[in-house]
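So for the sequence shown, UniProt numbering puts the first residue at 1; every next one is plus one.
For glycine and all other residues, C-beta sits at the position ideal for the given N, C-alpha and C.
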Amino acid sequence: MTPRKELFIKVKKALMPISELELVDLQRNQMSSDRFAYLFVSALISVNAIQWQSMTEQNQEGTATVLIDLYCRDGWRNQHQHTEDGEEGLMEIDLIDRIAEAVQFLRGEQFRTLTLESDEVISNTMDGMFQYRLTFSCNLYRKLKPLYNNQKITL
């Protein structure tokens, strides 16, 4: 398994227990499609470019940025969860904090501790949709296939 794949799978597994999230998936611009218009709350994960540096003995160390985009439709607490939002429509803030707590300090075999770098509101052109972005970073490690194979020479 590649470091990028392990990172995505671990982050997705960490987010799955959050019951408010209807969709946790790889970011493929799903929310701009009509196919996903029924979703009220989703978290889409993207692992951006990884900056790799070569080390000795075919090892590489890299730095990765992981983005989690949280999409919330206006009124999702009233319409989907069948509850009243007594917090003046600010339930998204609690959800952002729960996502940060679930992913912060997550580790894997090929990546070190994820740390939260920032969270921000993204200006969105979709009507009735709010987008929030959480940015995490971590170090990754991988071993490359050797360039040459050892062979025994007989004289």
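The shortest C-alpha to C-alpha distance from ASN149 to any of ASP119, ARG73, GLN58, SER118 is the one to GLN58.
Distances from the alpha-carbon of THR135 to those of LYS143, LEU147, LEU114 put LEU114 closest. When rounded, the separation of the alpha-carbon atoms in GLN51 and GLN60 is 10 Å.
For ARG98, the closest C-alpha among the options ALA14, GLU109, ILE9, PHE8 is that of ALA14. A Cβ-Cβ distance of about 19 Å is found for the pair VAL41 and VAL66, leaving them out of contact under the 8 Å criterion. Taking a 10 Å sphere around the C-beta of GLN110, we find 16 or more other C-beta atoms and assign the residue as buried. Ranked by Cα distance from LYS12, the first of MET91, ASP119, LEU70, MET31 is LEU70. Burial of VAL103 is indicated by the presence of at least 16 other C-beta atoms within 10 angstroms of its C-beta. For the pair SER123 and LEU21, the Cα-to-Cα distance works out to about 21 Å. Cα atoms of CYS138 and MET1: separation of roughly 17 Å, rounded to the nearest angstrom.
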